[in-house]
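Some notes on the structure that comes next.
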Amino acid sequence: MQTNNAFPQAARRRTVFFLLACLGVMVFAAVVYRVENPSIVQHEERREMPGGMGQMGGDMSGISSMMQKLQANPEDVEAMRGLGMAFMEMQAWEKSMSFWDMVLEKHPDDVMALNQKGFCLFELKKYAEAAELFERMLTIETGNFHAHYNLGVIYKHYLAQPDKAAAHFQAVVDAAPDDPELVENARRELSGK
0 MQTNNAFPQA ARRRTVFFLL ACLGVMVFAA VVYRVENPSI VQHEERREMP
50 GGMGQMGGDM SGISSMMQKL QANPEDVEAM RGLGMAFMEM QAWEKSMSFW
100 DMVLEKHPDD VMALNQKGFC LFELKKYAEA AELFERMLTI ETGNFHAHYN
150 LGVIYKHYLA QPDKAAAHFQ AVVDAAPDDP ELVENARREL SGK
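Taking numbering that gives the first Met the number 0, the leading residue of the sequence shown gets 0, the next gets one more, and so forth.
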């Protein structure tokens with residue numbers, strides 16, 4: 000008995016086209032949102048993960064592998080970090096925060112974990128909580144210009160505290176980090192543009 004594959008193939012093409020159209024709409028909406036809503040900095044770069052995980056990027060097999068590593072060794076902070084980053088890349092903010100919380104339970108002054116959890120809180124529109132974490136970062140690293148910039152954005156655009164915002168943006172400009180785009184963004188925020 001011979002089956003006709005034309006319909007399933009056409010249905011697959013329509014499905015793929017529909018998914019690509021949805022992806023295009025999502026990208027456009029994200030760009031419009033970012034233009035209208037300033038963002039904070041997520042400064043942790045993706046790096047090679049231990050055990051050959053590479054740039055996991057939300058890859059489910061990579062996540063599964065990292066989960067197995069964490070199950071085998073609940074003290075594996077690098078696995079916690081890898082999972083936190085993978086879920087951030089998937090924009091699964093609550094899930095990501097659970098792994099940053101695990102890191103912070105073991106290392107309460109871990110600046111990278113504080114930053115990443117602060118970023119998740121920001122994305123969840125929990126601005127005051129995010130600001131608390133960035134302020135905490137500054138008690139550990141007083142010159143952390145990413146924390147200063149993030150606080151400037153939050154205080155200016157989300158918590159209506161322009162004086163605090165200006166002080167943090169000025170700290171970025173004064174530090175003149177090796178990040179010209181960040182310095183320019185801080186200057187632009189200070190000038191009100």
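No residue lacks a Cβ here, since even glycine has one placed at the ideal position from N, Cα and C.
For G191, three-class secondary structure by DSSP: coil
8 Å is my cut-off, CB to CB: does G117 come that close to chain C? Checking the listed chains, one finds no chain C in this structure; it contains a single protein chain.
So the alpha helix (DSSP H) G142 belongs to, where does it begin and stop? Run containing G142: none; DSSP gives neither H nor E here.
Pick helix, strand or coil for L123, following the three-state DSSP scheme. coil
F144 and L113 closer than 8 Å at C-beta: no
Quick check on A185: does DSSP put it in helix, strand or coil? helix
Could you compute how far the alpha carbon of E74 sits from the alpha carbon of R186? 42 Å
For A164, I'd like the list of residues in its chain whose CB is within less than 6 Å of its CB, leaving aside the five on either flank, ordered along the chain. G151, Y154 and K155
Contact defined as beta carbons within less than 8 Å: I believe L103 pairs with L82. What is the distance between those atoms, to the nearest angstrom? Not quite, the Cβ-Cβ distance comes to about 14 Å (not below 8 Å), so this is no contact.
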